[in-house]
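Since the structure comes first, as structure tokens, the remarks are kept for the end.
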Amino acid sequence: MRHAGHFVRLLALVVITVVGFLYVRSLVVPKDFGVKGHFRLSAIDDEGKREARHIGSDACAECHDEIGAAWKAGKHHIPQCENCHGPGLLHTKVVAEDSTAGYTDKILKQFPKAINPGTGITECKWCHLKTFERPSSLKYIVNVEKHITEHQGTFSPASRCIDCHNPHTTVVKR
Amino acid sequence: MSPITPDDVTRREFLETVAKTGGQSFLFGSLFVNTALLRLPQAGADPKSRAEAEVGKGIVYGFVVDTTKCIGCGSCVRACRAENGVPEGYNRTWVEQYTFYPDGEVFVNSPNGGENGFADPAPTRNKPTGPEAPMRGFFVPKLCNHCIDTPCIQVCPVGASFKTDEGVVLVDHERCVGCGYCVQACPFGSRYLNPETGTADKCTWCHHRVIKGLLPACVVSCPAEARIFGNVSDPESTISRILATNRVQVLKSFLGTRPRTRYIGLDSEVI
Ligand code: SF4
Ligand code: SF4
């Protein structure tokens, strides 16, 4: 076999390529890749490790018991505390460190979408504004402009809804 | 032609033959692969595999959106952003406002994904009144459909998009290289590239909450009960009862992705 050397060299090349591939693969592919499919199994746990930021109204009511009870008994018990006040997780953490800390700017900064309660009528309109698409059979849908016109003199249009309506119970204050 | 002995073959001829036969078998093989890939999934064409995929393997999650109940308040969009730290300008869930006119025109609107609510009337056609006035309208919340046959998982080159046994489609943020193929592949616009992490991101049905026994943030925050989440393999669950007593639709059923997010009261104009 005059050309045996060619085959030996080719074979060596193949072996080196295969071994090299397997080595690099063992470095870059995680151990649990492919156990249940074409993915890294522990990625499910990684995703699950995230904290739940919305803690639920019952958790809020553990400390804010008076407001919690009033909210539960009133007509406004369908939207949850965190719908208007933002997620409570950071608040509970801050309070756990310093019990005098309230609903601080720090929390609002962390969750910029958290609503500063009672900043105006914009937040109320999110649910209560009468729009063309909202079924008028729903009693809580109000024509805000008409409502304000009707009450001219009772309050100036610059007033906020919560000046008259208790946002936790919907009871009219005056 | 006399038989070829090794001595007659030059190095060039040998390599040429190897390249040709190798190429041929590669082409031949890929023909099989391609025809297999071209067999488009047909919605409901294989009831057995559908049943297997959905029931009997423990928990399988489902999501129902009742468009007849949604009031377009945007609570779900705000809750989702806060819960999942979704960057400004991106959405995992959003709400669309549909307005129908007597002349057949349909206006679709989703300012900021509905996060700041909707104006009245919708900023359409110079607020026409009288016979020109819009005749019908509704809101449609959207989110990842957690499809059974997902184009987004198929295109991922590194196996960073995957489906759990419960039917939830997730992204492995450690493996994702941010190529954005899945963002393009999803026909529902459910995915985005998160500029903070550089990885693909999407609705997870709040997997991190669900495994702690909580409901997704959009579901707890919806005041209209327009969003229902639960275990569809348990016939006693709320979602199973809703699915059993309502006529439900999925988005873009003709694409055959078999979404697990189902809609009540979906109009044919909704895409
Ligand atoms: S909706 Fe889009 S991102 Fe969600 S599973 Fe289907 S294809 Fe994938
Ligand atoms: S929270 Fe509910 S009612 Fe409000 S926009 Fe979302 S789905 Fe619709």
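Same order as they appear, the protein sequences are chains H and U. Here the numbering used here is used: the first residue of the first sequence is 3, the next is one more, and so on. Here the numbering used here is used: the first residue of the second sequence is 76, the next is one more, and so on. Beta carbons: idealized from backbone N, C-alpha and C, even for Gly. This structure is a prediction, so every number in the text was calculated from the model and none was measured.
With at least 16 other beta carbons inside 10 angstroms of its own, residue 172 (chain U) counts as buried. Residue pairing by DSSP places residue 212 (chain U) opposite U:174 in a beta bridge. A check of alpha carbon separations from residue 221 (chain U) across U:159, U:139, U:94 identifies U:139 as the nearest. The continuous stretches of alpha helix (DSSP H) do not include residue 303 (chain U), which lies in the beta strand (DSSP E) extending over residues 302–306. For residue 168 (chain H), the nearest beta carbon of chain U is not closer than 8 Å to its own beta carbon.
Spanning the alpha carbons of residue 150 (chain H) and residue 90 (chain H) requires a straight line of approximately 33 Å.
Taking 8 Å as the upper bound on Cβ-Cβ separation, chain H lies near residues 295, 296, 298 of the segment 294–314 of chain U. For the segment 204–231 of chain U, the set of residues with a beta-carbon nearer than 7 Å to any beta-carbon of chain H comprises 209, 212, 213, 214, in chain order.
Short note on residue 153 (chain U): C-beta not closer than 7 Å to any heavy atom of ligand 1. For residue 184 (chain U), DSSP records a beta bridge to U:172. In terms of side-chain proximity, the C-beta atom of residue 266 (chain U) is found nearer than 7 Å to a non-hydrogen atom of ligand 1.
Around the CB of residue 84 (chain H), 16 or more other CB atoms lie within 10 Å, so the residue is classed as buried. Note on geometry: alpha-carbon atoms of residue 179 (chain U) and residue 205 (chain U) lie some 16 Å from one another. In the three-state scheme derived from DSSP, where H, G and I count as helix and E and B as strand, residue 309 (chain U) is classed as coil. Of the candidates U:243, U:147, U:265, U:245, the residue whose Cα lies closest to the Cα of residue 126 (chain H) is U:147.
Contact with chain H is found for residue 284 (chain U), since one of that chain's Cβ atoms lies less than 8 Å from the residue's Cβ. At a beta-carbon threshold of 7 Å, none of the residues of chain H lie near residue 275 (chain U); the nearest stands roughly 13 Å away. At a threshold of 7 Å, residue 226 (chain U) counts as near ligand 1, since its beta carbon sits closer than that to one of the ligand's heavy atoms. If you check the C-beta of residue 263 (chain U) against ligand 1, you find a heavy atom less than 7 Å away. In chain order, 133 make up the part of chain H whose C-beta sits under 7 Å from the C-beta of residue 193 (chain U). Within the model, the alpha-carbon separation for residue 236 (chain U) versus residue 35 (chain H) is close to 12 Å. In this structure, ligand 1 has a non-hydrogen atom nearer than 7 Å to the beta-carbon of residue 277 (chain U). Close partners of residue 250 (chain U) in chain H (Cβ separation under 9 Å): 32, 35, 41, 42, 45.
Interface with chain U (8 Å Cβ-Cβ cutoff): residue 64 (chain H) is excluded. Just measuring C-alpha positions, the residue of U:282, U:313, U:331 sitting nearest residue 55 (chain H) is U:282. Given a length threshold of 3 residues, the segment 43–72 of chain H has no whole run of the beta strand (DSSP E) inside it. If you draw a straight line from the Cα of residue 80 (chain H) to the Cα of residue 280 (chain U), it is about 22 Å long. In the three-state DSSP reduction, residue 133 (chain H) falls in the coil class, being neither helix nor strand. Beyond the five residues adjoining it in sequence on each side, residue 267 (chain U) comes within less than 7 Å, by CB distance, of 165, 258, 276 in the same chain, given in chain order.
Judged by beta-carbon spacing, residue 188 (chain U) lies beyond the 8 Å limit of residue 128 (chain H), meaning their Cβ atoms are not closer than that value. Under the three-state reduction of DSSP, residue 93 (chain H) is assigned to helix.
Annotation: the continuous beta strand (DSSP E) that includes residue 339 (chain U) extends over 336–339. Relative to the Cα of residue 333 (chain U), the nearest Cα in the group U:191, U:226, U:284 belongs to U:226. With respect to chain H, the C-beta atom of residue 279 (chain U) has a partner C-beta closer than 8 Å. Shown here for residue 162 (chain U): same chain residues with a beta carbon closer than 7 Å to its own, the five before and five after excluded, namely 269, 270, 271 in chain order. Under the Cβ distance rule, residue 129 (chain H) counts among the residues neighbouring chain U, one pair being separated by less than 8 Å.
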